[in-house]
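Have a look at the structure below before the remarks.
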Amino acid sequence: MPVRDEIDARILRVLRDDGRISNADLAAKVGLSPSACLRRLRLLEQNGTIRGYTALIEADEREAHLVVLTQITLERQTEESLNRFEAAVRRCPEVRDCYLMTGLSDYLMRIEVSDAGDYERLHKEVLSRLPGVARIQSSFAIRTVVGRG
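Its first residue numbered 1, the sequence shown is counted upward by one per residue in the numbering used here.
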């Protein structure tokens, strides 16, 4: 859903930086009364602009993971092909984010696995069997420079 005005946009910018900010502090930062701010916040939640809140957890060494950025090209770009692929990829818990793209590939996915062997298993058993996949190109992240979610 589109943001209604600049105040909504300010609310969203503040929440991106601090999702746990109190309503009173949020209201002060965006120039609203607490009741007006809460009303706008609830509308942003109800219309789907704000889909949820999350905690960003630093992985400890025992839970170290590998981030793989994977580009997928489909055999066809028909609506049916896109829908089948998207429905299948939603069932894959290792896929943290998946974006329909313009350019040379159709989808870009951020995948988290425990190690290269785990990615090899995922590639063989899941990714290569997703409906309509023509090409898979993967890059392994070395380290996170900026991570916002």
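Every residue, glycine too, gets a C-beta built ideally from N, C-alpha and C.
Quick caveat, the model's predicted, so the values are computed rather than measured.
Practice prompt. State yes or no: is the C-beta of Asp118 within less than 8 Å of the C-beta of Met109?
Written response: For the purposes of this step, residue 118 is taken as residue 118 along the sequence shown, with counting starting at 1. For the purposes of this step, residue 109 is taken as residue 109 along the sequence shown, with counting starting at 1. No, they are not a contact pair.
Worksheet item: How many Å lie between Glu112 and Ala55 at the Cα?
Response: For the purposes of this step, residue 112 is taken as residue 112 along the sequence shown, with counting starting at 1. For the purposes of this step, residue 55 is taken as residue 55 along the sequence shown, with counting starting at 1. Roughly 17 Å separates the two Cα atoms.
Worksheet item: Between which two residues does the alpha helix (DSSP H) carrying Tyr119 extend?
Response: Position 119 of the sequence shown, counted from the first residue, corresponds to residue 119. Start and end: Ala116 to Glu125.
Item to complete: Please name the residue or residues paired with Glu112 in a DSSP beta bridge.
Response: Against the sequence shown, residue 112 aligns to sequence position 112. According to DSSP, Glu112 bridges with Val67.
Fill in: Beta-carbon proximity list for Arg20, same chain, < 6 Å, skipping 5 on both sides
Within the sequence shown, the letter at position 20 stands for residue 20. None.
Fill in: Cβ neighbours of Leu127 in the same chain (closer than 6 Å, five flanking residues each side left out)
Taking the first residue of the sequence shown as position 1, residue 127 is located at position 127. Cβ contact annotation for Leu127 (same chain, cutoff 6 Å, sequence separation greater than five): Ile136, in chain order.
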